[in-house]
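Visitor: Structure incoming, see below.
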Amino acid sequence: MTATGPGNALDAVDVVDVVTLGESMVTFLPSSPGRLADVPSFDRAIGGAESNVVCTLAAAGHSVRWVSRVGADGFGDHLVEAIGAYGVDVTAVRRDPARPTGIYFRTAGDRSTDAHEVAYYRAGSAASAMAVANTDLDVVRAGRVLHLSGITPMLSDDCLDLVRALTAPRARRPLVSFDVNHRPTVWREADGPRVLLELARRADLVFVGEDEAQEVWGLTGADAVRAAFPDPEVLVVKQGGHGATVFDKESGTEHVTFVPAPRVDVVAAVGAGDAFAAGFLSATLRGLPVRDRLRHGHLMAAAALTVPGDLAAPPARDHADRLAALDDDAWGTLRLGPGWTQAVDQAVHRADEEVPAP
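So, in C-alpha cells, the structure goes:
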C-alpha cells in the first residue's frame, strides 16, 4: 500500500503527508521513583498518541498536521507551542473557553505492566468536545494519510460520531490509518470492544498489539487477529519484543510478512507503539516494501524505548535506511542501546559482540 493524495476536492486546503486528530495532554513525570502519594515534584512534558505520531513524523522530515481542541489556558498554550515546535502544523487546533486542557500524572514504573500509577484529569476536557459540527472535516482529510486511534472515540459520544464520519467510506478519502491503542480507562461503556472492532474494520491500515487483541477480544495469535479484521488492506499485528506481522492484500492476494524486532536495551517502555506507527507510516509514504516498513517501525520504536519519555529524536533517514537494508542475519543480531540514533559506533552493535553495525 502506498499513500496517495485525497483528490481535487481539497485543492484549497494545504495537503500534508499525515493528519492526525486526537487529544494531547500535559503530562507530569515524577522527579523520583515511588507512589504518587510520595513523589515530591514532577517535570512537565506532553503526551498523546496522535500527537506523538506526528511529532515523530515531523522530526523525520514529513509534513504533518495535528487537529484537536485544547482549553484557553496555560496548559493549552504549552501543548500548542510544544507540538508546533516539532514542525507540526497546529493551525487547526481550536481553543475552548469553557473546558480545560486534559492533564495526567504518572509514576516512573512501566505503563505496560501493573508497576505504575496513572492519574488522569481529562473528564470534560476540551478535546472531549470535538464533534462533527465544530471540526473542519476538509482540513482533517487534507492529508495523504489520516491517522486515528481508538482513544478518541471513547472520549465522548460526539467524538465517536466524529471518528465514524472520518472512517466512513467516501470517494477520494485519504488512506485511513487506525491504531487500536487499547485504553480501558477511557471506555465510557461496556461496548468498547465492539466499537473498536467496528472502527478498525473501516480503516485501510490497522495497528493492533497481539496482547491487546487477546485482552479486548480474546483473540490468540496473529492469524486469529486477521480473521477478526478481514477488511483492512493492511493489518499490522505488533508482537512486542518478538517482532511484528503484516497481512497485506495490496496486489489482490494476501501476503504475510514477519520481521523480528531487534534487541533493545530498554530505558522506559513508553511511547514505543506510537513511534512504531510513525516509522511504518513514514516508510509507507516513501513507498518502501513491507519488510522495510516493519523494520522502520521497529527502529522508531527502539528510539523511543531507549529514552525516558514518550518522544525521542528519530535516527537520521540515511542511518535508518542503512539498518533497514541489512541482510536477515545482520538484522537478527542487531542490538540498540541508549544513544544509538546519534552514535552508531557506540550504541549499535551485534547482540553477541561489541562491534559496529554495517
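Per our numbering, residue 8 is the first one in the sequence shown, and the count goes up by one each step. All C-beta atoms in this analysis are idealised placements derived from N, C-alpha and C, irrespective of residue type, glycine included.
Please classify G290: is it buried, with 16 or more other beta-carbons within 10 angstroms of its beta-carbon, or exposed?
Guide: The sequence as given places Ala at residue 290; Gly does not occur at that position. By the 10 Å Cβ count, A290 comes out buried.
Visitor: Do V26 and H69 count as a contact pair if the criterion is CB distance below 9 Å?
Guide: In this structure, V26 does not lie closer than 9 Å to H69 by Cβ.
Visitor: Just how far apart, CA to CA, sit G304 and A282?
Guide: Each residue's alpha carbon lies about 7 Å from the other.
Visitor: For T192, tell me which candidate among A126, L153, A172 and R148 has the shortest Cα-Cα distance.
Guide: Closest option to T192, Cα to Cα, is A126.
Visitor: Going along the chain, which residues of its own chain have a beta-carbon closer than 6 Å to the beta-carbon of M137, five neighbours each way excluded?
Guide: Within the same chain, M137 has close Cβ partners R76, C166 and L169.
Visitor: Answer yes or no: does any C-beta atom of chain B fall closer than 9 Å to that of L169?
Guide: Of the chains in the structure shown, none is chain B; there is only one protein chain.
Visitor: Can you check which of these residues, A323, P296, R293 and E217, is closest to M307 by C-alpha distance?
Guide: Of the candidates A323, P296, R293 and E217, the one whose C-alpha sits nearest the C-alpha of M307 is A323.
Visitor: Assign V232 to one of three DSSP states: helix, strand, or coil.
Guide: Three-state result, V232: helix.
Visitor: Within this structure, are the beta carbons of A309 and W338 separated by less than 9 Å?
Guide: No. Outside cutoff.
Visitor: Just checking my contact of E30 with L162 at CB under 8 Å: how many whole Å lie between their CB atoms?
Guide: That belief holds up - the Cβ atoms of E30 and L162 are roughly 6 Å apart, short of 8 Å.
Visitor: Does the distance from the C-beta atom of T159 to that of A134 stay below 9 Å?
Guide: Closer than 9 Å, so yes.
Visitor: On the three-state DSSP scale, how would you describe L17?
Guide: Annotation note: pLDDT 45 at L17 (below 50); position unreliable, coordinate value reported separately. Helix, per DSSP.
Visitor: Here's the rule: buried if 16 or more other CB atoms are within 10 angstroms of the residue's CB, otherwise exposed. What is G131?
Guide: G131 should be labelled exposed.
Visitor: Is the stretch 233-253 touching the stretch 266-284 in the sense that three or more CB pairs, one from each, lie closer than 8 Å?
Guide: Yes, the stretch 266-284 is in contact with the stretch 233-253.
Visitor: Taking 8 Å as the line, does the beta carbon of T108 fall inside it for any heavy atom of the ligand HEM?
Guide: Judged by which ligands are present, the structure shown has none, so any question about the ligand HEM falls away.
Visitor: Using the beta-carbon count (16 or more within 10 Å), is D230 buried or exposed?
Guide: Exposed is the call here.
Visitor: Which class does I158 belong to by DSSP, given the choice of helix, strand or coil?
Guide: The answer is coil: DSSP assigns I158 none of H, G, I, E or B.
Visitor: Is R151 helix, strand or coil when you go by DSSP?
Guide: Strand.
Visitor: So L206 and T252 are in contact, right, with Cβ under 8 Å, and what is the actual spacing, rounded?
Guide: Not really, about 21 Å apart at Cβ, beyond 8 Å.
Visitor: Whose C-alpha, out of G316, A52, H262 and V95, is nearest the C-alpha of A65?
Guide: Residue V95 is the option with its Cα nearest to A65.
Visitor: Just how far apart, CA to CA, sit L312 and V60?
Guide: Those two C-alpha atoms are separated by around 15 Å.
Visitor: Just grab the DSSP bridge partners of H262 for me.
Guide: According to DSSP, which records beta bridges pairwise, H262 is partnered with D255.
Visitor: What does DSSP give as the partner residues of I90 in its beta bridges?
Guide: DSSP lists no partner for I90.
Visitor: Note down the Cα distance separating V232 from F254, rounded to an integer number of angstroms.
Guide: Those two C-alpha atoms are separated by around 10 Å.
Visitor: Is DSSP giving V223 helix, strand or coil here?
Guide: V223: helix per DSSP, three-state reduction.
Visitor: Roughly how many whole angstroms lie between the Cα atoms of G278 and D186?
Guide: Taking the straight line joining both Cα atoms gives about 13 Å.
Visitor: Taking 7 Å as the limit between beta carbons, can you name the residues of its chain near K256, skipping five residues before and five after?
Guide: Once the five neighbours on either side are set aside, the close Cβ partners of K256 are E240.
Visitor: If you compare alpha carbons, which of G81, R208 and P181 is closest to R102?
Guide: Nearest option by C-alpha distance: G81.
Visitor: When the Cα of R151 is compared with those of L341, H85 and S184, which residue comes out closest?
Guide: That would be S184, whose Cα lies nearest to the Cα of R151.
Visitor: Are there 16 or more other CB atoms within 10 angstroms of the CB of S156, so buried, or fewer, so exposed?
Guide: Classification for S156: buried.
Visitor: Take P181 as the anchor and find which of D211, H189 and L203 has the nearest alpha-carbon.
Guide: Among D211, H189 and L203, the Cα nearest to that of P181 belongs to D211.
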